[in-house]
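S.K.: Mind looking over this structure? Questions follow.
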Amino acid sequence: MTQPDHPDHETDKFHEVADAAREKATEAERLAAEKAAEVRRIAEQKAAEVARRAQEQAARTAGDTEAATAAAEREAAEKAAAAKEKAAEAIRQAAQRTGEATERARVATDKVSPSAPEPVAQQRTSLADAARRRPIAAGLAALAAFVLWRVLRRR
1273 MTQPDHPDHE TDKFHEVADA AREKATEAER LAAEKAAEVR RIAEQKAAEV ARRAQEQAAR
1333 TAGDTEAATA AAEREAAEKA AAAKEKAAEA IRQAAQRTGE ATERARVATD KVSPSAPEPV
1393 AQQRTSLADA ARRRPIAAGL AALAAFVLWR VLRRR
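Numbering (our numbering), first residue to last: 1273 to 1427.
This is how it looks when you write it as structure tokens:
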């Protein structure tokens, strides 16, 4: 009587799960980079808009005298500098979040090491274990459940 070749099947299953985790980590890195680029673009647009509005307001309020013009230009320059500082801070925060997301994805990929897989009998997981292994997915599921609950509660 021959025994079925379970270790190869388990190893194949483990490698499939590891590949899927790596793909999800890569996707998370890509999404984080896209989000950072989008935040950076929006921040730059808002900074340009604030600077443009400040210059328009300065042009409207500037009188015929050179003193009024100088004060308006100084005010516009201050507002533009403040807007640029806000945009730079938003870009720094986006870069930091991108770095953190990349690090979390790298840690998640490292957790899926090519070690021996668990025996089939020990692969059963609870909901809490699944939430610990995938906190982002669990958080999104909890947020979706909360939003659905709030929407249904209002009706």
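Just so it is clear, CB atoms sit at the ideal spot from N, CA and C, and this is done for glycine as well.
#1: Check V1384 in the structure and name its three-state DSSP category.
#2: Considering Cα atoms alone, identify which of R1302, R1312, K1351 is closest to A1326.
#3: Please classify R1425: does DSSP put it in a helix, a strand, or coil?
#4: So does E1301 have its beta carbon nearer than 7 Å to some heavy atom of the ligand MN?
#5: Between which two residues does the alpha helix (DSSP H) harbouring R1406 extend?
#6: Based on Cα-Cα distance, which residue from A1353, A1331, A1354 lies nearest to A1343?
#7: With a Cβ-Cβ cutoff of 8 Å, do A1380 and A1292 count as a contact?
#8: Just to confirm my understanding: we take E1316, look at its own chain, exclude 5 residues before and 5 after, and list those with CB closer than 7 Å. What are they?
#9: Answer with buried or exposed for T1370, where buried requires no fewer than 16 other C-beta atoms within 10 angstroms of its C-beta.
#10: Roughly how many angstroms separate the alpha carbons of E1288 and V1384, rounded to a whole number?
M.R.: In terms of the structure at hand:
#1: coil
#2: K1351
#3: helix
#4: As for the ligand MN, it is missing from this structure, which has no ligand bound.
#5: From DSSP, R1406 is part of no alpha helix (DSSP H); its letter is neither H nor E.
#6: A1331
#7: no
#8: A1359
#9: buried
#10: 11 Å
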